[in-house]
Amino acid sequence: MLAIGSKYLSQAVIVVRNAGAIPFARVLPRVASLTKSLSSQLPEDHLAVVQPSDGVKLGLLEKALCRKWSIDGVLCRQSGGLTQEIWQSICSKEKIDLWMIARPSSPSGIEIANTLEALFKCLEI
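The following block contains the structure:
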């Protein structure tokens, strides 16, 4: 399953197909995401347009998609946040291979905050 967003979905679908795999994807319910996703030549029944899980049901939707589609590998971004933790947990429990795209290193002298808490700490609030 491609859980990388829609920006590079078309290219990822091509790479996955060229590797002999069947691509599936989860994208956010936004107009731009849906437009890019539908132009990726991914069959509509291989596409889930959903808001990621939150609250007490963390990962429940993602886990259900993996089971429904018999997913054996997930590609996501190494965000360092909750989404990454959800995919790591699901893949570990369900015995699914997980590949994470590493974040680019931040330019020298620029601090990156992954959460509001980290941002407040950087701003000394």
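All you need for my numbering is the position in the sequence shown, starting with 1, plus 154.
All residues carry an ideal CB built from backbone N, CA and C; glycine is no exception.
Just so it is clear, the structure is predicted and the values come from calculations on it, not from any experiment.
For I240, report the span of its alpha helix (DSSP H) as first-last.
236-248 is the extent of the alpha helix (DSSP H) around I240.
Considering just the uninterrupted stretch of the alpha helix (DSSP H) at L252, what are its terminal residues?
Counting along the chain, L252 falls outside any alpha helix (DSSP H), though it belongs to the beta strand (DSSP E) covering 251-255.
If you measure between the beta carbons of M155 and L219, is that distance less than 9 angstroms?
Yes, they are a contact pair.
On the DSSP bridge assignment, give the partners of C230 in chain order.
Paired residues: A157, M254.
Express the C-alpha separation of A267 and A166 in angstroms, rounding to a whole number.
Rounded to whole angstroms, A166 to A267 spans 27 angstroms at the Cα level.
Relative to the ligand HEM, is the shortest distance from any of its heavy atoms to the C-beta of P206 smaller than 8 angstroms?
In the structure on display, the ligand HEM does not appear, and there are no ligands present to speak of.
Could you check the C-alpha separation between R221 and A256 for me, to the nearest Å?
Near 26 angstroms, if we compare the C-alpha coordinates of A256 and R221.
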